[in-house]
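Visitor: Attaching a single structure in structure tokens format; questions to follow.
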Amino acid sequence: MKPDHPDIQILEEPELGLAERMYLPLFVDGLTTTAKYLVRPKVTTQFPEEHPEIGNPLIYRGVHRLNRDEQGRVKCVACFLCATACPARCIDIVAAPSPWPDRDKYPESFTIDELRCIYCGMCEEACPVDAIELTSLFDLTGRSREEMIFDKEKLLSVYDKTKDSEPMKSASHSTLRVEDRLERG
Amino acid sequence: MTIEHVTVEALIKIVILASGVLAGAAWLVLVERWMAAWIQMRRGPNRVGIPWTNIRLFGLGQPVADGLKFIFKEEFDPAHVSRGIYTLAPIIMLVAALGVFAVVPFGSMIPSLGHWMGTEPIDLMIAPGIDVGIIYVFALSSLAVYGVILGGWASNNKYSLLGGLRSSAQLIAYELPLGLGILGVVLATGSLRLDAIIHAQATTGWWFVFTQPLGFVVFVVAAFAEAGRLPFDLPECEQELVEGYHTEYSGMKLMLFLTAEFIHMMTASVLIAILFLGGWHVWGMTPPEQEIGWGEAILRVAVLFIKTFGVVLFFMLVRWTWPRFRYDQLMALGWKVMIPLGILNLVAVAVLGEISRDQYGMPWGSLVASWGLLMASWLAVAWVAPATTDNRPETTD
Numbered sequence: 607m608k609p610d611h612p613d614i615q616i617l618e619e620p621e622l623g624l625a626e627r628m629y630l631p632l633f634v635d636g637l638t639t640t641a642k643y644l645v646r647p648k649v650t651t652q653f654p655e656e657h658p659e660i661g662n663p664l665i666y667r668g669v670h671r672l673n674r675d676e677q678g679r680v681k682c683v684a685c686f687l688c689a690t691a692c693p694a695r696c697i698d699i700v701a702a703p704s705p706w707p708d709r710d711k712y713p714e715s716f717t718i719d720e721l722r723c724i725y726c727g728m729c730e731e732a733c734p735v736d737a738i739e740l741t742s743l744f745d746l747t748g749r750s751r752e753e754m755i756f757d758k759e760k761l762l763s764v765y766d767k768t769k770d771s772e773p774m775k776s777a778s779h780s781t782l783r784v785e786d787r788l789e790r791g
Numbered sequence: 027m028t029i030e031h032v033t034v035e036a037l038i039k040i041v042i043l044a045s046g047v048l049a050g051a052a053w054l055v056l057v058e059r060w061m062a063a064w065i066q067m068r069r070g071p072n073r074v075g076i077p078w079t080n081i082r083l084f085g086l087g088q089p090v091a092d093g094l095k096f097i098f099k100e101e102f103d104p105a106h107v108s109r110g111i112y113t114l115a116p117i118i119m120l121v122a123a124l125g126v127f128a129v130v131p132f133g134s135m136i137p138s139l140g141h142w143m144g145t146e147p148i149d150l151m152i153a154p155g156i157d158v159g160i161i162y163v164f165a166l167s168s169l170a171v172y173g174v175i176l177g178g179w180a181s182n183n184k185y186s187l188l189g190g191l192r193s194s195a196q197l198i199a200y201e202l203p204l205g206l207g208i209l210g211v212v213l214a215t216g217s218l219r220l221d222a223i224i225h226a227q228a229t230t231g232w233w234f235v236f237t238q239p240l241g242f243v244v245f246v247v248a249a250f251a252e253a254g255r256l257p258f259d260l261p262e263c264e265q266e267l268v269e270g271y272h273t274e275y276s277g278m279k280l281m282l283f284l285t286a287e288f289i290h291m292m293t294a295s296v297l298i299a300i301l302f303l304g305g306w307h308v309w310g311m312t313p314p315e316q317e318i319g320w321g322e323a324i325l326r327v328a329v330l331f332i333k334t335f336g337v338v339l340f341f342m343l344v345r346w347t348w349p350r351f352r353y354d355q356l357m358a359l360g361w362k363v364m365i366p367l368g369i370l371n372l373v374a375v376a377v378l379g380e381i382s383r384d385q386y387g388m389p390w391g392s393l394v395a396s397w398g399l400l401m402a403s404w405l406a407v408a409w410v411a412p413a414t415t416d417n418r419p420e421t422t423d
């Protein structure tokens, strides 16, 4: 683009008055601003001692959990929708025929690699039975990579730990069959 | 006093002062980081305390941790530097910065310590009675330019060289107004000795900031530029020059550079406090009598330290208040504004001193005249605006 291109609009700088050119009002203005901020209350959260206030835990995307139904069984029906939706491919499910009459399959093993996960929440969106959910736990640490691969028991224990502070997001607690869900649209 | 006594006394003072200045620089870095954090509504370093305990001491252990970190860091010399000069540059810089303190009086003096040190009171200055005090300060503080330009040159890196060039041009440009600002004080005092300058202010009770406001403004602006602090930190210029002349430095050499820069700021603060803010003098608290006891001596030291600390805090507050000048603005301000104002101040001090020489009591007339001069010259600068330049593309219409 040349300087005389018609799309270039040259804005005139506002003319400085004498007071601005004296620099003094700006000088005082700047110093009062910084001095005011110097004594203001600070916004930093002192993390290990203080925990940050999480606005709405229900929409926070932290560590996953696998929900249980009323009978304490894993809610998941091993439909693989979450694993399909996952952009990071961190969910690994091994399905097996269900021992319970109300569903066809259940996950024999269900592992999430928490280090690969990008916490996008697509699994939660995809889940037809609201079995996988993201909690508001954010300070996830471990000493090895293996430790950070969460298996089914670990994910269920996350549910046990968080179910009181963060109730399940689905309104009904009953597990619907995938087919029913699909019929209802 | 024998020559041995003088030597021992000087050595003791050197040890105390050198360690004190270095420790002071370390903890002032902490203060600066606190100020930076607080102004940005953060908390700043507040965790490092006593190791292996949970005692945090508001982060007062941070400078020790930082120092240890620098010591144990790898000192990496790039292959393309000229080794000798590259090593010499930070050393020159630190030595020059530390050497300035030889003639700076910290307070005035303390009473004699007993027989073996003689019966005279002891000056709180490493080299008492040097008649060229201020000239010595200038000679050494302009040596810092060598550290900067040698560091920039030896780094063999175009950004470092640019930083070094900018810095030397800036330091030379601001050396002149700095000297002119001081000349007024020297003219009014009739002495180049810093302790004599303090004493002159203490006896009249009129600090030079009141009688020579224009000189004060010129000196403070020039001191900011000399110390390379924002808004005049062109040599470093993190955003454009990636730290300028010390880009290639690491480890202890980098620490020497950073410490020297910080000591420059401390020197500038001490000089401002001594030359214009009355040194150890406060009305009604520290009378200018020569015979002093211990209480008086300690009070004077405390007053000078508080004043210096206040100026340092001002330096730090300014850093987070103003953006950096553009380089042409910096040069225009130095050559077109500060040097003429410095000369004007010098002439005014001479003329007013000559006129009010025979009058007794308060120099009200010259006081009004000098403040009037400050306002008039400030207005004139704003009116003419030599530092304002238009660098927008010219449109043909």
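Here the protein sequences line up with chains A and B, keeping their order.
Using my numbering, the first residue of the first sequence is number 607, and each one after it goes up by one.
Using my numbering, the first residue of the second sequence is number 27, and each one after it goes up by one.
We put the beta carbon where it would ideally sit given N, CA and C, even for glycine.
(1) Can you tell me which of the three DSSP states residue 230(B) falls into?
(2) Under a CB-based cut-off of 7 Å, is residue 65(B) close to chain A?
(3) With a threshold of 7 Å between beta carbons, is residue 712(A) in contact with chain B?
(4) Have a look at the DSSP bridge pairing and note the partners of residue 743(A).
(5) Just checking my contact of residue 764(A) with residue 669(A) at CB under 8 Å: how many whole Å lie between their CB atoms?
(6) Closer than 8 Å by beta-carbon distance: list the chain A residues that pair up with residue 408(B), in chain order.
(7) Residues of chain B with CB under 7 Å from residue 649(A), in chain order?
(8) Determine, using beta carbons only, whether residue 79(B) comes closer than 7 Å to chain A.
(9) Which residues in the same chain as residue 394(B) place their Cβ atom closer than 6 Å to its Cβ, once the five residues preceding and following it in sequence are excluded?
(10) So which residues of chain A does residue 347(B) contact, with C-beta pairs closer than 8 Å?
(11) If I follow the unbroken beta strand (DSSP E) through residue 796(A), where does it start and stop?
(12) Which of the three DSSP states is assigned to residue 792(A) in this structure?
(13) Between the stretch 353 to 371 of chain B and the stretch 239 to 246 of chain B, do at least 3 Cβ pairs fall closer than 8 Å?
(14) Cα-Cα, which of 337(B), 44(B), 182(B), 208(B) is closest to residue 151(B)?
(15) In terms of residue numbering, what span does the beta strand (DSSP E) encompassing residue 712(A) cover?
(16) Which residues in chain B have a C-beta closer than 8 Å to the C-beta of residue 793(A)? List them in chain order.
(17) Whole-angstrom Cβ separation of residue 729(A) and residue 692(A), contact assumed at under 8 Å?
(18) Ignore the nearest five residues each way along the sequence and tell me which others in residue 278(B)'s own chain have a CB closer than 7 Å to its CB.
(19) Against residue 361(B), what residues of chain A qualify as contacts under a CB-to-CB distance less than 7 Å, listed in chain order?
(20) Find the residues of chain A that neighbour residue 209(B), judging by a C-beta separation of less than 8 Å, and give them in chain order.
(21) Going residue by residue through the stretch 635 to 695 of chain A, where are the continuous alpha helix (DSSP H) segments of at least 4 residues, counting only ones entirely within it?
(22) With DSSP run on the structure shown, which of helix, strand or coil describes residue 311(B)?
(23) What does the Cβ neighbour count give for residue 347(B), buried or exposed, with the cut at 16 atoms within 10 Å?
(24) Using beta carbons (cut-off 7 Å, strictly below), is residue 387(B) in contact with chain A?
(25) What residue from 401(B), 257(B), 130(B), 196(B) has the CA that sits closest to residue 221(B)'s CA?
(26) What's the gap between the Cα of residue 127(B) and the Cα of residue 397(B)?
(27) Using the C-alpha atoms, what's the distance from residue 89(B) back to residue 115(B)?
(28) Taking only the alpha-carbon atoms, compute the straight-line gap between residue 714(A) and residue 657(A) and give it to the nearest angstrom.
(29) Within 10 Å of its beta-carbon, does residue 223(B) have 16 or more other beta-carbons around it, so buried, or fewer, so exposed?
(30) Smallest Cα separation from residue 58(B): which of 379(B), 409(B), 392(B), 342(B)?
(31) Determine the burial state of residue 751(A): buried for a count of at least 16 other Cβ atoms within 10 Å of its Cβ, exposed for fewer.
(32) Pick out whichever of 731(A), 762(A), 772(A), 726(A) has its Cα sitting closest to the Cα of residue 741(A).
(33) When you compare the stretch 282 to 299 of chain B with the stretch 39 to 56 of chain B, are there three or more beta-carbon pairs, one atom per stretch, that lie closer than 8 Å?
(34) What does DSSP give as the partner residue(s) for residue 164(B) in the beta ladder?
(35) Using only the heavy atoms of the ligand NAD, determine whether one of them is closer than 6 Å to the beta carbon of residue 234(B).
Guide: So, from the data block:
(1) Here the question's residue 230(B) lines up with position 204 in the second sequence. Correct three-state label for residue 230(B): helix.
(2) Walking along the second sequence from the start, residue 65(B) turns up at place 39. At least one beta carbon of chain A lies nearer than 7 Å to the beta carbon of residue 65(B).
(3) If you number the first sequence from 1, residue 712(A) lands on position 106. Between residue 712(A) and chain B, the shortest Cβ-Cβ separation is not below 7 Å.
(4) On the first sequence, residue 743(A) is found 137 positions in, with the first residue counted as 1. Answer by DSSP bridge pairing: none, since residue 743(A) is not bridged.
(5) On the first sequence, residue 764(A) is found 158 positions in, with the first residue counted as 1. On the first sequence, residue 669(A) is found 63 positions in, with the first residue counted as 1. About 6 Å separates the beta carbon of residue 764(A) from that of residue 669(A), a gap short enough to meet the 8 Å contact definition.
(6) Your numbering for residue 408(B) matches position 382 in the second sequence. Neighbours of residue 408(B) on chain A, chain order: 624, 627, 628, 629.
(7) The residue labelled residue 649(A) in the question sits at position 43 within the first sequence. Ordered by position in chain B, the residues that pass the 7 Å Cβ test against residue 649(A) are 67.
(8) By 1-based counting over the second sequence, the position of residue 79(B) is 53. Cβ-Cβ to chain A under 7 Å: no for residue 79(B).
(9) Here residue 394(B) refers to the residue found at position 368 when the second sequence is read from its first residue. In its chain, beyond the 5 residues on either side, no residue has a beta carbon closer than 6 Å to the beta carbon of residue 394(B).
(10) Counting from one through the second sequence, the residue named residue 347(B) turns up at place 321. Scanning chain A for C-beta atoms nearer than 8 Å to the C-beta of residue 347(B) yields 636, 637, 639, 640, reported in chain order.
(11) Shown here, chain A extends from 607 to 791; a query on residue 796(A) therefore has no answer.
(12) What is shown of chain A runs 607 to 791, which leaves residue 792(A) out entirely.
(13) The stretch 353 to 371 of chain B, when compared against the stretch 239 to 246 of chain B, does touch it at the 8 Å Cβ threshold.
(14) Here residue 151(B) is taken as the residue at index 125 of the second sequence, counted from 1. The shortest C-alpha separation from residue 151(B) is found at 44(B).
(15) As a working note, residue 712(A) is residue 106 in the first sequence. For residue 712(A), the enclosing beta strand (DSSP E) starts and ends at 711 to 719.
(16) The structure shown has nothing for residue 793(A), since chain A only spans 607 to 791.
(17) Translated into the one-based positions of the first sequence, residue 729(A) becomes position 123. Translated into the one-based positions of the first sequence, residue 692(A) becomes position 86. For residue 729(A) against residue 692(A), the beta-carbon gap comes to about 6 Å, under 8 Å, which counts as contact.
(18) Taking the second sequence and counting its residues from 1, one reaches residue 278(B) at position 252. When the five nearest sequence neighbours on each side are left out, the beta carbons in the same chain lying within less than 7 Å of the beta carbon of residue 278(B) are those of 96, 97, 101, in order along the chain.
(19) Position 335 of the second sequence holds residue 361(B). Here the premise fails: no neighbours, minimum Cβ distance about 18 Å.
(20) Walking along the second sequence from the start, residue 209(B) turns up at place 183. Per Cβ cutoff of 8 Å: no residues; residue 209(B) is ~24 Å from chain A at best.
(21) You should have 687 to 691.
(22) As a first step, residue 311(B) is located in the second sequence; it is residue number 285 there, counting from the start. Collapsing the DSSP output to three states places residue 311(B) in coil.
(23) On the second sequence, position 321 is the one that residue 347(B) refers to. Result: buried.
(24) Here the question's residue 387(B) lines up with position 361 in the second sequence. With a pLDDT of only 49 at residue 387(B), under 50, the local geometry of the prediction cannot be trusted, and the value read off the model is given with reservation. Residue-level contact by beta carbon fails for residue 387(B) and chain A, as no gap is shorter than 7 Å.
(25) For this step, residue 221(B) is matched to residue 195 along the second sequence. With distances taken between Cα atoms, residue 221(B) lies closest to 130(B).
(26) Counted from its first residue, the second sequence places residue 127(B) at position 101. Counted from its first residue, the second sequence places residue 397(B) at position 371. Going by the C-alpha atoms only, they are around 32 Å apart.
(27) Within the second sequence, residue 115(B) is the residue found at index 89, counting from 1. Within the second sequence, residue 89(B) is the residue found at index 63, counting from 1. Residue 115(B) and residue 89(B): Cα-Cα distance of roughly 24 Å.
(28) Looking up residue 714(A) in the first sequence gives position 108. Looking up residue 657(A) in the first sequence gives position 51. When only Cα atoms are considered, residue 714(A) and residue 657(A) end up about 36 Å apart.
(29) Residue numbering aside, residue 223(B) sits at position 197 when the second sequence is read from its first letter. So residue 223(B) counts as buried.
(30) Numbered from its first residue, the second sequence carries residue 58(B) at position 32. When the alpha-carbon of residue 58(B) is set against those of 379(B), 409(B), 392(B), 342(B), the nearest one is in 342(B).
(31) Sequence index remark: in the first sequence, residue 751(A) carries index 145 (1-based). Looking at its Cβ environment, which holds fewer than 16 other Cβ atoms inside 10 Å, residue 751(A) is exposed.
(32) Here residue 741(A) refers to the residue found at position 135 of the first sequence. Residue 772(A) is the option with its Cα nearest to residue 741(A).
(33) Three or more Cβ pairs closer than 8 Å define a contact, and the stretch 282 to 299 of chain B meets that threshold against the stretch 39 to 56 of chain B.
(34) Reading the second sequence from its first residue, position 138 is the one you call residue 164(B). Within the DSSP secondary-structure output, residue 164(B) pairs in no beta bridge.
(35) Here there are no bound small molecules, and the ligand NAD is not part of this structure.
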